[in-house]
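The sequence shown runs 0 to 172 under numbering that gives the first Met the number 0. Each remark here refers to the structure printed beneath this line.
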Amino acid sequence: MALPKKLKNFALFGDGESWIGEIPSVTLPTVTKKVEEYRAGGMHGPVEIDLGHEKLELGIKAGGLKTQLITMLGGQAVGANVFRFAGAYQEDASGIVSAVEVIARGRVTEWNPNEAKAGDDNEHDFKVALSYYKVTVDGAELLEIDVPGMVFKTGGVDVYSAIRFAIGMGVSL
Numbered sequence: 000m001a002l003p004k005k006l007k008n009f010a011l012f013g014d015g016e017s018w019i020g021e022i023p024s025v026t027l028p029t030v031t032k033k034v035e036e037y038r039a040g041g042m043h044g045p046v047e048i049d050l051g052h053e054k055l056e057l058g059i060k061a062g063g064l065k066t067q068l069i070t071m072l073g074g075q076a077v078g079a080n081v082f083r084f085a086g087a088y089q090e091d092a093s094g095i096v097s098a099v100e101v102i103a104r105g106r107v108t109e110w111n112p113n114e115a116k117a118g119d120d121n122e123h124d125f126k127v128a129l130s131y132y133k134v135t136v137d138g139a140e141l142l143e144i145d146v147p148g149m150v151f152k153t154g155g156v157d158v159y160s161a162i163r164f165a166i167g168m169g170v171s172l
């Protein structure tokens, strides 16, 4: 019998610095394909045309005041900061642990210090607009999105290489 792999623990790193023990939760980006419905003569129903993807965003919840994240609000480049999520997902039936690594580049766009109340826990929420997102599981690259580079790879296949080549953005891979 198979059971789903569940996140047992994780670590988050920002610009190469370990934030172990400081980050209670991370909201990994939702990847949503941008599609448009299309129907023309000779078709008995509509199809959805792939037009890329929606904006990618990373959410970080800090356990309290995290000055490094606050100063990241000053990032000027689209990929100003690098974040690394390392997760251990375990399947209970077998006990096998899968290593999940997420590499994300972007810039912090929002800081919400939430309610400050003496004697209560005070978590700070941050949002990061991403320009790069890569997911690797047990060494296998599942997804890589490089927005400025117009790269979209799934399972190691770069689905935009022919489009990049057609518009003069380099050699087809």
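Glycine included, every Cβ here is placed at the ideal spot set by N, Cα and C. Nothing here was measured: the structure is a model prediction, and the numbers come from that model.
task = To the nearest angstrom, report how far apart Arg104 and Gly78 are at their CA atoms.
result = When rounded, the distance between both Cα atoms is 5 angstroms.
query = Are there 16 or more other CB atoms within 10 angstroms of the CB of Leu129, so buried, or fewer, so exposed?
reply = Under this definition Leu129 is a buried residue.
request  = Verify whether the separation of the beta carbon atoms of Pro23 and Lys60 is less than 7 angstroms.
outcome  = Against a cut-off of 7 angstroms, the Cβ pair of Lys60 and Pro23 comes out as a contact.
query = Between Met168, Asn8, Leu68, which lies nearest to Phe84 when the distance is taken from Cα to Cα?
reply = Closest option to Phe84, judged by alpha-carbon separation, among Met168, Asn8, Leu68: Asn8.
key: Straight-line gap, Ile48 to Arg106 (C-alpha atoms, nearest Å)   = Rounded to the nearest angstrom, the two C-alpha atoms are 30 angstroms apart.
message = Can you tell me whether Phe164 is buried or exposed? The criterion is at least 16 other CB atoms within 10 Å of its CB, across all chains shown.
response = Per the 10 Å Cβ criterion, exposed.
query = How many angstroms separate the CA atom of Phe12 from the CA atom of Ile19?
reply = Per the coordinates, the alpha-carbon of Phe12 lies some 8 angstroms from the alpha-carbon of Ile19.
key: Burial state of Lys33, where buried means 16 or more other Cβ atoms lie within 10 Å   = Residue burial is scored here from C-beta neighbours: Lys33 has fewer than 16 other C-beta atoms within 10 angstroms and is therefore classed as exposed.
request  = Going by CA-CA distance only, name the one from Thr26, Leu50, Asn121, Val25 that's closest to Tyr37.
outcome  = When each option's Cα is compared against that of Tyr37, the closest is Leu50.
task = Determine the DSSP secondary structure at Gln67, reduced to helix, strand or coil.
result = Gln67 falls in the helix class under three-state DSSP.
inquiry  = Rounded to the nearest angstrom, what separates Thr66 and Glu143 at their Cα positions?
reply    = Rounded to the nearest angstrom, the two C-alpha atoms are 29 angstroms apart.
ask   = Given that a residue counts as buried once 16 or more other Cβ atoms are within 10 Å of its Cβ, and exposed if not, what is Leu64?
value = By the neighbour-count criterion, in which 16 or more other beta carbons inside 10 Å mark a residue as buried, Leu64 falls on the exposed side.
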